[in-house]
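Take a look at the structure below.
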Amino acid sequence: MNMRTFTFKGLFLTVLFVLLGSTAILAADDGLITRQIKLDEAGTLPDKISANEKNLITNLKIVGKINGTDLKFIREMAGCDVNGKETDGKLSILDLSDAKIVEGGDAYYSDRDDGFICTSNDKLGKYAFSGCSGLTNLTLPSSVTKIGCYALSSCIGLTSLTLPSSVTEIGEGAFLNCRGLTNFTIPSGVTKIGGAAFICCYGLISLTLPSSVTAIGSGAFKYCSGLTSIYVYMEKLPETGSNLFLGCDEKNCTVYVPKGTGNAYFRSAEFGYFYNIVEFDATGIDKVATSANVKEVSRYSANGQRLSAPAKGLNIVKYSDGSVKKVVVQ
Numbered sequence: 001m002n003m004r005t006f007t008f009k010g011l012f013l014t015v016l017f018v019l020l021g022s023t024a025i026l027a028a029d030d031g032l033i034t035r036q037i038k039l040d041e042a043g044t045l046p047d048k049i050s051a052n053e054k055n056l057i058t059n060l061k062i063v064g065k066i067n068g069t070d071l072k073f074i075r076e077m078a079g080c081d082v083n084g085k086e087t088d089g090k091l092s093i094l095d096l097s098d099a100k101i102v103e104g105g106d107a108y109y110s111d112r113d114d115g116f117i118c119t120s121n122d123k124l125g126k127y128a129f130s131g132c133s134g135l136t137n138l139t140l141p142s143s144v145t146k147i148g149c150y151a152l153s154s155c156i157g158l159t160s161l162t163l164p165s166s167v168t169e170i171g172e173g174a175f176l177n178c179r180g181l182t183n184f185t186i187p188s189g190v191t192k193i194g195g196a197a198f199i200c201c202y203g204l205i206s207l208t209l210p211s212s213v214t215a216i217g218s219g220a221f222k223y224c225s226g227l228t229s230i231y232v233y234m235e236k237l238p239e240t241g242s243n244l245f246l247g248c249d250e251k252n253c254t255v256y257v258p259k260g261t262g263n264a265y266f267r268s269a270e271f272g273y274f275y276n277i278v279e280f281d282a283t284g285i286d287k288v289a290t291s292a293n294v295k296e297v298s299r300y301s302a303n304g305q306r307l308s309a310p311a312k313g314l315n316i317v318k319y320s321d322g323s324v325k326k327v328v329v330q
C-alpha cells in the first residue's frame, strides 16, 4: 500500500507513524525523516527499510544487535559504500546507544591492504564509518570497548560524537580529519590513544585527557591547530610517541595539569611544546572565586563543551589569574 503525505512548509509539523513490525517513521516539514527500528536478529536491517526509504532517511535509531550486514547498510545510508565510494544516502544523525555490535554477517568494508573487513563483538572496527562525511551526530553503543583504526576517519561533517565509558582504547587514525569536532572528552576508561588518532582535527578547540591514559601514540593530535585548551588529568606522564602536538598553536593553547605536576609536564618533550602550562585541582571541588581582582574568563561543561552561562552540575571554570577550578552548580 502506498502512502503519500502533503505538508505546507512553515504552517505545521506532520507526524506520520507507520507501524511495520517494530519500526516507526517520523516525517517533518523540513524534509527530515526519522526512523526507529528494533532488530530482533542481527543482519536484518536491510529487511526493515525499503529501497525507496534507504536514501531518504536522515535520522536513525537502532535497538538490538547489529553485525556486518547491518553496518554495511548503514554506511550506504550515510553516503559511503563498502568500497568507499559515494552513495546517495542522506543519513546524518545515527543513534546506536541501544544497539550492540556483534560478529557475523557480510563484510562492511573492503580495503586493498586489509581485504574484506567484518565486525567483531563490542568493537567499532577498522574503517567502520570511514568516509561517511554526511554524518553529523553519532552515538555509539554503550558496550563498545575499542574504537578501531580509522573507524571514523574523514567524517568531516561530524560535529557531535558520544563515546561510551566502556571504551578503553582508541586506535590509530580513528578520528583522522574529523574537522567538524570542536570539543572532545576522552572517556575516563581509555588507557591507550593510537598514533595520529586525532590528526588534522582542525576544528578542535578543547580537549580533555582522563587520568586513565597511560600511552599516546606519535602525532595523536598533530595539526589540531584550533586547540586553545587541553585539560590533562594524568598525575603521571603517559608514554608518548613523537610529534604529539606538532602543528598546534603552542603559544595560544593552554595546558591544564594536576597540581604538583607542572614542572614534569614542562620538562617533557611533548607537553613541553606548549608555552602555557597551568596547574589546577584535578581532584577536588572548589568554591567559586570571590576575589574582586579575579574574573571568570571561560566556563566549560564536564564533557568539554563551552558554556555561555552557569549550567546545573559540574562546571570547569577558568579565571583571569590562570587558575582553573571545578564548580558544582546546584
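Quick note: the sequence shown, position 288, residue 288 per UniProt numbering, numbers continuous. Every residue, glycine too, gets a C-beta built ideally from N, C-alpha and C. Please read all numbers here as calculations on a predicted model, not as lab measurements.
Nearest residue (CA-CA) to Ser225, options Arg179, Asp114, Ala264 | Arg179
Could you work out which residue in Lys251, Ile230, Leu244, Gly247 is closest to Ile257 when comparing CA atoms only?
-> Residue identity check: residue 257 is Val in the sequence provided, not Ile. The candidate whose alpha carbon is nearest that of Val257 is Ile230.
Considering only residues of the segment 100-124, which uninterrupted beta strand (DSSP E) runs meet the minimum length of 3 residues and lie entirely inside it, listed in chain order?
-> 109-111, 115-117
Is DSSP giving Lys273 helix, strand or coil here?
-> The residue you asked about is not Lys; residue 273 is Tyr in the sequence shown. Helix, per DSSP.
Rounded to whole angstroms, what's the CA-CA distance from Gly64 to Leu161? Just pull it up for me.
-> 20 Å
When you compare only the Cα positions, how much space is there between Pro164 and Ser92?
-> 20 Å
Drop a sphere of 10 angstroms on the beta-carbon of Asp47, count the other beta-carbons inside from all chains shown, and report buried for 16 or more, exposed for fewer.
-> exposed
What is the DSSP secondary structure of Leu71, reduced to helix, strand or coil?
-> helix
Ser97 to Thr139, Cα distance in whole Å?
-> 6 Å
Which listed residue (Ala128, Ser211, Leu176) has its alpha carbon closest to that of Thr185 | Ser211
How is Pro258 classed by DSSP in three states: helix, strand or coil?
-> strand
Does DSSP put Asn223 in a helix, in a strand, or in coil?
-> Here residue 223 turns out to be Tyr, not Asn, going by the sequence shown. The answer is coil: DSSP assigns Tyr223 none of H, G, I, E or B.
Just the Cα atoms here: how many angstroms apart are Ser320 and Ala264?
-> 24 Å
Continuous beta strand (DSSP E) stretch holding Asn315: start and end = 313-319
Under the three-state reduction of DSSP, which class applies to Phe184: helix, strand or coil?
-> strand
To the nearest whole angstrom, what separates the beta carbons of Thr191 and Thr168, a pair I think is in contact under 8 Å?
-> 6 Å
Tell me which same chain residues have a C-beta within less than 8 Å of the C-beta of Ala292, skipping the five on either side of it?
-> In this prediction, Ala292 scores a pLDDT of 46, lower than 50, which makes its location untrustworthy; the coordinate-derived value is nonetheless stated afterwards. Answer for Ala292: no residue qualifies.
Coarse secondary structure for Val15, derived from DSSP in three states | The predicted model places Val15 with a pLDDT of 38, which falls under 50 and marks its position as unreliable, so this point remains unresolved.
Output yes or no for whether 8 Å exceeds the beta carbon distance between Lys125 and Gly43.
-> Before going further, note that residue 125 is Gly rather than Lys in the sequence given. Not a contact, by the Cβ cut-off of 8 Å.
Does DSSP put Ala78 in a helix, in a strand, or in coil?
-> coil
Out of Glu53, Thr145, Ser133, which has the shortest C-alpha to C-alpha gap to Gly157?
-> Ser133
Compare the C-alpha of Met234 against each of Gly79, Lys259, Tyr150 and name the closest.
-> Lys259
Do you know offhand how far Ile285's Cα is from Asp122's?
-> For Ile285, the pLDDT reaches just 47, beneath the cut-off of 50, and the residue's location in the model is therefore unreliable, although a value from the coordinates is still provided. Looking at the two C-alpha atoms, the distance is approximately 34 Å.
Buried or exposed: Glu270, going by 16 or more other Cβ atoms within 10 Å of its Cβ?
-> buried
Count the other CB atoms, across all protein chains shown, that sit within 10 Å of the CB of Tyr150; report buried if there are 16 or more and exposed otherwise.
-> buried
Leaving out five residues before and five after Ala311 in sequence, what residues of the same chain have Cβ atoms less than 7 Å from its Cβ?
-> Ser301, Val329
What number of angstroms, rounded off, separates the C-alpha of Lys287 from the C-alpha of Asn252?
-> Low local confidence applies: a pLDDT of 38 at Lys287 is under 50, so the model's placement there is unreliable, with the coordinate-based value given in what follows. Roughly 27 Å separates the two Cα atoms.
In terms of DSSP beta bridges, what is Ala215 paired with?
-> Lys192, Glu239
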